[in-house]
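J.: The structure under discussion is supplied below as structure tokens; questions concerning it will follow.
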Amino acid sequence: MCQLIPSKYLEYVKILPNGAILVGKNTVIDGHAKRPLRVVTHIHADHIVDLDESIRECREIIATKITLDLLEALEYVNSNLLPIFRVKKRPLNYCECYLYENEEICLLPVDHIPGAAQVRIELRSEKVSVGYTGDFKLTRKTEIMRDLDVLIIEATYGHPSYRRSYKDSVNSLLVDLVKEGLKKYKRVYIYAYHGKIQEAMIILREYGLTEPYIVPSRVYNATKILEERHRFNIGNYYKDIEVLKIKNTEGAVFFKHFNSARHRRLDGKALHVILTGRILAEPFKKLDDYTYAISLSDHGDFDDLINYVLYANPKLVVIDGSRRGYAEILREHLVERGFCTIVLPERKGEECR
């Protein structure tokens with residue numbers, strides 16, 4: 011039970027309205043602040059906010075090598091800043107640490123998208139340990155950070171109504187739907203955000219799908235990097251400008267950015283699959299005669315969030331309230347379970363409890 015609020019730890023942790031997570035004196039994570047070190051947990055847009063500012067003002071940009079490579083391949087770094095970025099970037103392997111002054115920054119494995127990482131920071135002078143999950147799914151690939159003074163956790167699906175009873179079967183459902191679409195139409199269009207596109211590519215290959223992938227040039231460059239530098243096994247993919255290389259009698263899977271789904275052509279010549287992170291009541295939903303939405307989320311559901319905290323058992327839980335989600339509701343449920351919990355950034359008049 012939370013008998014005494016360890017508010018002293020809040021001296022070492024702040025979250026700004028722009029999503030920047032400040033730990034200790036030197037580190038900012040997933041947002042910009044004028045600090046020596048900027049850590050990027052993964053390439054999703056809400057975690058690379060003001061990256062160009064960090065490249066200009068921070069001394070080093072820390073991330074996994076995959077994340078740093080994808081930031082370039084997907085053109086998330088301004089071309090004018092590329093020379094500076096390449097000098098300042100500091101890749102870390104999983105479970106590798108970097109000591110800056112008296113702050114030790116370690117990146118830990120997490121199941122989210124390629125290259126994603128959790129961050130553990132040991133403030134040696136203060137003898138305080140802080141962990142930040144970033145975005146995660148609670149699977150065997152996600153390492154639970156234990157023995158923490160402070161755990162900072164996301165709250166995307168922090169409402170008890172967001173439970174996915176089907177989360178262990180959704181991958182096979184995606185594969186079955188794509189195979190059926192190829193059999194019937196020879197063409198399947200999949201719409202997703204960066205990161206989730208690569209995840210879907212890998213899932214389909216792992217389930218034995220061999221048909222060619224047709225992708226936009228930026229996705230092609232990112233996929234090529236994952237294969238050549240990081241040993242991902244995807245294969246048989248082409249830029250969309252090379253589509254004429256695919257015979258009309260041959261099946262193909264076209265990957266497009268999520269926002270392109272609104273412009274899809276419903277002409278009866280293809281099946282369209284929209285990969286959404288939103289939790290649906292069922293694993294998929296039929297939107298029209300030729301379109302399905304599938305809940306292939308790369309975030310943990312409510313039970314995953316609660317269970318992570320239970321397993322980690324930190325002295326203080328800080329919920330990231332700067333991004334979309336249900337931070338306040340998640341806090342109430344953690345307080346009921348005896349955890350000292352606060353949402354940051356604090357709302358006016360709010361107290362740690």
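Heads up, the sequence shown is in this note's numbering, so the first residue is 11 and it goes up one at a time. Glycine residues also receive a C-beta, built at the ideal position from the N, C-alpha and C atoms.
In terms of alpha-carbon separation, which member of Leu285, Ile256, Glu260 and Asn258 lies closest to Ser270?
T.: Leu285
J.: So, under 8 Å CB-CB, Tyr318 and Ile154 are touching, yes? Tell me the CB distance rounded to an integer number of Å.
T.: 7 Å
J.: Under 7 Å Cβ to Cβ from Leu84, same chain only, skipping five residues before and after it: list those, please.
T.: Same-chain partners within the cutoff: Ile53, His204, Arg228 and Ala232.
J.: Check Phe349 in the structure and name its three-state DSSP category.
T.: coil
J.: Could you give the distance in angstroms between the alpha-carbon of Ala73 and the alpha-carbon of His282?
T.: 34 Å
J.: Where Pro16 and Phe294 are concerned, what is the direct C-alpha to C-alpha distance, given to the nearest angstrom?
T.: 43 Å
J.: Near His169, what residues of its chain come up, given a Cβ to Cβ distance below 8 Å and the 5 sequence neighbours on each side ignored?
T.: Phe312, Tyr336, Ile339 and Leu340
J.: To the nearest angstrom, how far is it from the Cα of Ser135 to the Cα of Ala165?
T.: 30 Å
J.: Select from His122, Pro101, Tyr110 and Lys279 the residue whose C-alpha is nearest the C-alpha of Asp314.
T.: His122
J.: Measuring CA to CA, which of Lys151, Arg288, Asn103 and Arg156 is closest to Leu326?
T.: Arg156
J.: Does the count of Cβ pairs from the region 42-60 and the region 211-229 closer than 8 Å reach three?
T.: no
J.: Using only the alpha-carbon positions, how far apart do Cys107 and Lys257 sit?
T.: 49 Å
J.: So for Thr301, helix, strand or coil by DSSP?
T.: strand
J.: Which full runs of the beta strand (DSSP E) of 3+ residues lie inside the region 227-304, going along the chain?
T.: The region 227-304 contains these whole beta strand (DSSP E) runs: 247-249, 262-267, 281-286 and 294-298.
J.: In terms of residues, what are the limits of the alpha helix (DSSP H) holding Gly191?
T.: Annotation: the continuous alpha helix (DSSP H) that includes Gly191 extends over Val180 to Tyr195.
J.: Which first and last residues belong to the alpha helix (DSSP H) in which Lys98 is found?
T.: Residue range Leu92 to Lys98 is occupied by the alpha helix (DSSP H) that includes Lys98.
J.: Looking at Arg239 and Arg79, is the spacing between their C-beta atoms short of 8 Å?
T.: One detail in the question is off: residue 79 reads as Asp in this sequence, not Arg. Yes, they are a contact pair.
J.: Out of Arg275, Val33 and Ile207, which has the shortest C-alpha to C-alpha gap to Ile244?
T.: In terms of Cα proximity to Ile244, the closest of Arg275, Val33 and Ile207 is Ile207.
J.: Only counting runs of 3 or more residues, tell me where the beta strand (DSSP E) segments fall wholly within the region 46-133, in order along the chain.
T.: 47-49, 70-73, 99-101, 107-110, 113-119 and 127-133
J.: In the DSSP output, what is Lys147 paired with across the bridge?
T.: In the DSSP output, where bridge partners are listed per residue, Lys147 has Asp121.
J.: Following the continuous beta strand (DSSP E) through Ile31, name the residue where it begins and the one where it ends.
T.: Ile31 to Val33
J.: Roughly how many angstroms lie between the CA atoms of His273 and Val185, to the nearest whole one?
T.: Each residue's alpha carbon lies about 24 Å from the other.
J.: Taking 8 Å as the limit between beta carbons, can you name the residues of its chain near Leu290, skipping five residues before and five after?
T.: Ala303 and Ser305
J.: Buried or exposed: where does Ile251 fall if 16 or more other Cβ atoms within 10 Å of its Cβ makes it buried?
T.: Residue environment: Ile251 is assigned as exposed (fewer than 16 neighbouring CB atoms within 10 Å of its CB, all protein chains considered).
J.: Beta strand (DSSP E) containing Tyr318: first to last residue?
T.: Where Tyr318 is concerned, there is no enclosing beta strand (DSSP E), although the alpha helix (DSSP H) it sits in stretches over Phe312 to Ala322.
J.: Taking C-beta to C-beta, are Glu132 and Glu111 nearer than 8 Å?
T.: no
J.: As a quick exercise: from Ala30, Lys266 and Val198, pick the residue whose alpha carbon is nearest that of Asp277.
T.: Measuring from the Cα of Asp277, the nearest candidate turns out to be Val198.
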